[in-house]
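A.B. asks: Handing you this structure, nothing more for now.
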Amino acid sequence: MKLLHKSLAALAAATLTLTLAACGGGGEAADANTVEFWYYQPTPEQAQKVQALVDEFEDANSGISIKLVEIPKADYNTKLASAMAGDRGPDAGYLDQPQMARFADADQIVEVPAGTIDDADFYEGALQTNMVDGKLYGVPLQQTTVVLFYNTDLVSTPPKTWDELVAVSEDVNNENPDVAGVAVPKGDGFGAWMYPGFVASAGGTMLDEKNKKVTFADVPAEEALDLWHTLLESSPREITNSDLPFQKGLAAMMFSGPWDIVGIREQFPQLKFDVALMPMKETEASTIGGDNGVVFSGADNEDAAFKWLQFLSDETHNAEFADITGNFPTNIAAAEASTLADDPQIQVVLQQLETAHARPAVADWIQINDEYIARAIEAAVDGDTPPADALDEAAERAAKLLGWS
Amino acid sequence: MQNTDTIVLDELPTATKPPTGARRRRASRSDAPRNRRNGAPAALQVVAYVVLTLGALAALTPFIWMVATSFKEPQDVFTRTPSLLPLDSQTGAWAGTLDNFREVLGLGGFTTAMINSVIVVFVLVPGKLLLDALAAYAFARIEFPGRDILFMVILATMMVPGVALLIPKVFITQELGMGDSLSGIIVPNLIAAFDIFLLRQFFLTIPKELEEAAMLDGASRMRIFWSVALPLAKPALAVVTITSFIYHWNDLLWPLVILSDQDKYTLPLALQALVSGRVAQPHLVMAGAVVAVMPVIAIFLIFQRKILDGIAMTGLKG
Amino acid sequence: MTTTAQTPASGTSQGARREGDTLTAYLFVAPAMLHTLIFMLVPAGAALYFSFTEWDMISPARWVGLANYQEVLFNGDVYPDFWKSVQVTALYVVLSVPASLLTGFVTAYLIDTVRRGESFYRLAFYLPVVTAEAAVGAVWLWLYDPQFGLVNQALGVIGLEGKDWLGTPSTVVPALALIAAWQSGTCMLIFLAGLKGIPSVYYEASEVDGAGAAQRLWRITLPLLRPTTFFLTVTGLISALQVFGLVYVLFSGSPGPEGSGLTYVLHLYLAGFRNGSMGAASAMSFLLFVAILLITAVQFRLMPRDFED
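Protein chains in written order, with the UniProt record's numbering: chain A, 1 to 405; chain B, 1 to 318; chain C, 1 to 309.
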């Protein structure tokens with residue numbers, strides 16, 4: 001890279017002198033007191049709130065200034081990658097949870113200095129997403145999870161266990177064959193993201209990082225796929241493949257996140273629905289998503305950057321900051337004090353967050369999730385492959401990719 | 001295929017002798033009304049209208065839906081069958097609103113972004129038109145050592161997926177001091193292989209006699225390019241203008257990786273703020289899309305005329 | 001390379017050749033070549049280099065020789081979907097390129113035929129190109145909806161059973177090709193520009209001969225449109241082989257049921273930007289580049305032979 005870097009630069013410089021002799025030099029002078037912070041571009045009103053947080057922070061920490069850079073969420077990783085490849089990355093910014101291990105392994109993010117945050121202040125799942133090889137590499141800023149949504153016209157009591165879930169789904173579909181029991185997750189990235197929550201509920205895990213063992217082909221993982229496969233019998237895809245089946249009353253239940261609570265209220269005001277904790281097998285569990293705040297290795301002023309992350313995650317400011325992205329506070333006290341707790345449906349989500357599980361912290365997790373597990377889900381749920389076979393194949397591939405035996 | 005067997009790619013249409021019996025006078029014996037140019041009979045006209053009207057309906061539906069949605073309240077957007085009018089999803093009554101447009105136009109930095117986008121396309125499109133046409137003309141009309149190799153190199157650049165070139169391209173743009181600036185959007189896009197190829201194909205079809213006549217008059221190559229070739233290539237230039245304008249007006253990825261300073265954001269980047277809420281907001285997205293598409297349609301309506309006008313200037317009409 | 005390069009060149013040599021032309025020509029192509037060098041060839045060189053490395057974009061690239069190429073092509077454990085993506089793309093190209101060209105030509109020809117409303121039709125058929133991608137995605141999702149979709153309703157009218165078009169692996173690519181045909185506005189525009197460029201004398205002359213509309217189409221219009229058709233075939237193939245945006249919108253970045261929408265460039269993009277294997281993604285890019293180069297070379301070779309019969 002360095003060599004190429006140099007030869008590229010030399011070539012570019014040569015052509016530069018040939019063509020654009022009078023072009024102004026680029027790059028601003030690095031300012032040790034400015035923290036460039038990258039985050040997802042919010043809506044205009046919310047951008048103002050972030051600016052207000054910045055003002056408050058700068059008032060309290062004279063000498064530090066925060067430069068916000070707002071980047072559309074869908075292209076955040078692309079932009080980050082292209083900036084880092086040219087050594088022009090930010091000082092601090094968001095990092096998607098499953099990216100943590102990759103950036104930590106590559107020494108591109110800085111370990112959080114002891115004493116920056118108190119672990120006990122945070123939701124366990126959210127905090128765990130910052131741990132790579134037992135070390136803390138980031139500060140949880142906001143999080144989300146999935147819960148059970150049910151149509152109250154079709155389901156009177158939400159199922160609490162997997163068995164009840166199957167029974168309710170069958171009842172609904174028997175009552176009216178044009179309505180699916182539940183919108184069963186698919187073998188795509190989203191379904192594979194939800195899947196570890198089901199595995200955890202059956203008492204299993206995805207990877208055993210300490211002993212370098214792939215565990216997502218064990219019995220609990222098979223049971224989770226069995227559940228989805230069984231649900232499909234009372235929840236035909238011809239119905240649920242229709243656009244927004246739950247919202248349009250075609251599916252009586254779905255697993256989804258808090259964004260749909262807000263979305264349904266706004267866009268489907270006639271739909272009568274409620275949310276409940278995810279049905280469980282052995283134990284309460286769900287899956288976790290969200291973003292962490294990290295300080296990048298090239299930061300001009302690491303201390304100032306960590307102060308800013310500390311500020312965003314503390315009891316007073318975390319709820320407001322998390323709300324800006326439409327996700328939830330990671331700071332328990334902040335969550336409990338926020339107005340979110342007054343909303344009974346949101347309350348369910350907060351409760352579910354307590355049992356939300358972090359994804360495995362290995363650099364290749366995204367590929368394992370999107371390509372191997374997603375494919376196994378598809379083969380076992382929609383296809384006729386026995387779950388054990390599908391998962392074994394995925395686990396074998398994952399072990400090879402990870403270099404585990 | 002008699003009469004046309006002499007056609008080769010590069011010699012159109014001069015090498016083609018007009019079909020036997022060509023005479024430079026208007027045919028007056030046609031009794032049925034015919035298309036003035038391609039001579040299609042009246043019956044075909046009827047078929048054409050029917051097919052075109054049905055096709056236009058299919059082509060327009062998503063556009064109409066986009067416009068209708070931009071006037072809808074959020075709760076009226078998702079209906080079992082898309083409604084092509086902003087109607088109340090429950091009562092079916094008219095429920096159009098201008099709120100979405102108020103929100104889009106009130107977007108922080110909207111005006112700045114609009115101005116930036118205008119600057120980009122108004123510098124970029126004419127600039128690339130000229131540079132692409134110069135190269136295309138040389139490739140089509142002048143013989144020089146290395147021409148074929150150079151042309152193949154240009155063509156070959158279309159064949160590497162842009163995704164793989166993104167990062168090195170960003171790096172070079174930044175090394176050239178154009179990172180985080182509008183010139184960083186304009187300069188790297190000044191040459192497009194697609195356009196050079198398209199224009200070359202058109203220059204190839206221009207009768208050589210016209211150039212030779214100008215040469216006998218002592219005109220320079222530049223003069224011939226400017227006064228003979230370019231006017232004759234107007235239809236193709238119009239196509240390049242329209243497609244380039246649309247592409248760069250809507251381009252999100254390149255400005256996104258080049259720009260960090262919000263004061264330099266172009267329209268598509270600014271409009272992204274509308275989708276960044278916690279919930280998908282199709283009514284706002286569509287309002288933003290409608291605002292963004294207006295200049296595109298205006299440009300299209302202006303330049304599509306050129307496609308028609310172009311032919312009038314060839315001097316070949318009977 | 002050499003044979004392909006000869007073909008487009010032959011023919012222009014006679015006639016217009018003058019002293020000083022060489023210098024002028026170099027001046028004319030200089031900006032384009034210099035720009036291509038800086039913004040295409042140097043990045044392409046860099047990407048070629050990266051294809052021989054293990055590179056995640058955030059840490060230094062590590063030289064691995066041909067390992068990426070070998071893994072991509074032959075290691076089904078690491079890239080189980082590579083050949084699948086080749087198949088998907090090949091099928092897409094075979095269906096969508098002819099569909100787009102045909103639709104583009106027919107609409108252009110008919111628009112050129114009608115006496116009134118030409119402007120309206122041109123705009124109407126071009127609008128799919130300018131309609132926001134999100135709107136295109138949303139409306140086609142509805143058209144193909146297994147429950148309420150217009151496509152199934154239309155099939156119901158003629159007594160055929162509906163399908164879950166985007167949910168059934170075998171119908172995904174044909175469904176995509178139909179959308180591509182629907183978006184053939186640029187094709188239409190370029191054909192139209194070509195049609196307008198045909199000198200009227202040819203038509204007038206044939207009219208004197210008493211040739212019918214079909215004969216004119218066969219004997220004048222189509223042959224004279226060959227440079228245009230050739231251009232659209234070459235560029236259409238190149239862009240169809242790189243299809244990406246449409247699938248990305250319809251399946252929100254996932255590869256569709258059983259990977260049936262996993263086009264080559266989507267696979268490459270996911271490998272590079274989502275999984276952080278930019279080295280392998282670069283290798284995939286160059287494999288595609290070589291494939292496209294060969295296909296284009298064949299096209300350049302076949303074209304003149306086609307003219308000879």
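Every residue gets a Cβ at the ideal spot worked out from N, C-alpha and C, and that includes glycine. Model, not experiment: these values are computed from the prediction.
1. Whose C-beta lies closer than 6 Å to the C-beta of A:K281 among residues of the same chain, with five residues either side of it excluded?
2. On the three-state DSSP scale, how would you describe A:A299?
3. Work out the CA separation of A:L136 and A:T385 for me, nearest whole Å.
4. If I follow the unbroken beta strand (DSSP E) through A:Q142, where does it start and stop?
5. When you check each C-beta in the stretch 245 to 262 of chain A against every C-beta of chain B, which residues fall closer than 7 Å?
6. Counting only C-beta atoms, is B:D132 closer than 8 Å to chain C at any point?
7. Give me the chain C residues within the contact set of A:G189, using Cβ-Cβ distance strictly less than 8 Å, ordered along the chain.
8. Taking the CB atoms as reference points, tell me whether A:A337 and A:T330 lie closer together than 8 Å.
9. Just to make sure I have the definition right: I need the residues of chain B whose C-beta is within less than 8 Å of the C-beta of A:P269. Which are they?
10. Please report how far the alpha carbon of C:I295 lies from the alpha carbon of C:L302, in whole angstroms.
11. Apart from the five residues just before and just after B:Q75, which ones in its own chain have a Cβ nearer than 7 Å to its Cβ?
12. Could you round the C-beta distance between C:F244 and C:L48 to whole angstroms and report it? I think they count as a contact, below 8 Å.
13. Counting contacts by CB-CB distance shorter than 8 Å, is A:M84 in contact with chain C?
14. Within 10 angstroms of its Cβ, does B:G179 collect 16 or more other Cβ (buried), or is it exposed?
15. Helix, strand or coil: how does DSSP classify residue 381 of chain C here?
16. Look at B:T91 and B:E73 and say whether their C-beta atoms are less than 8 Å apart.
17. Taking only beta-carbon positions, decide if B:W65 is within less than 8 Å of chain C.
18. Roughly how many whole angstroms lie between the Cα atoms of B:L269 and B:L256?
19. Here's the rule: buried if 16 or more other CB atoms are within 10 angstroms of the residue's CB, otherwise exposed. What is A:P344?
20. State the DSSP-derived secondary structure class of A:A356, mapped to helix, strand or coil.
21. Could one say the Cβ of B:T266 lies closer than 8 Å to chain C's Cβ atoms, at least one of them?
22. Look up A:K281 in the DSSP assignment and say whether it is helix, strand or coil.
23. Got a sec, what are the start and stop residues for the alpha helix (DSSP H) C:T235 sits in?
24. What residue does the alpha helix (DSSP H) around C:W182 start on, and which one ends it?
25. Contact criterion: CB-CB distance below 8 Å. Does B:L166 meet it with respect to chain A?
26. Just the Cα atoms here: how many angstroms apart are A:G293 and A:Q99?
27. Among residues of its own chain, excluding the 5 on either side of A:A305, which ones have a beta-carbon nearer than 6 Å to its beta-carbon?
28. Under 8 Å Cβ-Cβ, which residues of chain A neighbour B:Q90?
29. Compute the beta-carbon to beta-carbon distance between A:L277 and A:V147, rounded to the nearest angstrom, for a pair I have assumed lies under 8 Å.
30. Does residue 407 of chain A have its Cβ less than 8 Å from a Cβ in chain C?
31. With a threshold of 8 Å between beta-carbons, can B:G55 be considered close to chain C, or not?
32. Please work out which residues of its chain come closer than 6 Å, Cβ to Cβ, to A:Q310, disregarding the five sequence neighbours upstream and downstream, and give them in chain order.
33. Nearest-angstrom Cα distance between A:D389 and A:V381?
34. Would you say residue 441 of chain A faces chain C, with C-beta separation under 8 Å as the test?
35. Distance, Cα to Cα, B:P126 vs B:I186?
36. Mapping DSSP to helix, strand and coil, what is A:D274?
C.D. replies: Considering the structure as presented:
1. W162, S201 and A202
2. coil
3. Taking the straight line joining both Cα atoms gives about 40 Å.
4. V139 to T145
5. Q247, K248, W259 and V262
6. yes
7. Neighbours of A:G189 on chain C, chain order: G253 and S254.
8. no
9. Q75
10. Distance from the CA of C:I295 to the CA of C:L302, rounded to the nearest whole angstrom, comes to 10 Å.
11. Closer than 7 Å at Cβ, skipping near neighbours: S89.
12. Actually they are not in contact, since the Cβ atoms of C:F244 and C:L48 sit about 21 Å apart, beyond 8 Å.
13. For A:M84, the nearest beta carbon of chain C is closer than 8 Å to its own beta carbon.
14. buried
15. Residue 381 of chain C lies beyond the stretch modelled for chain C, which goes from 1 to 309, so this question has no answer here.
16. Against a cut-off of 8 Å, the Cβ pair of B:E73 and B:T91 comes out as no contact.
17. Chain C, which has a Cβ nearer than 8 Å to the Cβ of B:W65, makes this yes.
18. Rounded to the nearest angstrom, the two C-alpha atoms are 7 Å apart.
19. exposed
20. strand
21. Not one chain C Cβ lies under 8 Å of B:T266.
22. coil
23. R226 to L241
24. P169 to W182
25. yes
26. Distance between A:G293 and A:Q99, taken at the CA atoms: about 12 Å.
27. V35, D91, A92, V295 and A299
28. Neighbours of B:Q90 on chain A, chain order: Q270.
29. Contact between A:L277 and A:V147 is confirmed by a C-beta separation of about 6 Å, below the 8 Å threshold.
30. Because chain A here runs from 1 to 405, residue 407 of chain A falls outside it and cannot be looked at.
31. yes
32. T116
33. 12 Å
34. Outside the displayed span of chain A (1 to 405) sits residue 441 of chain A, for which this structure offers no information.
35. C-alpha separation (whole angstroms): 11 Å.
36. strand
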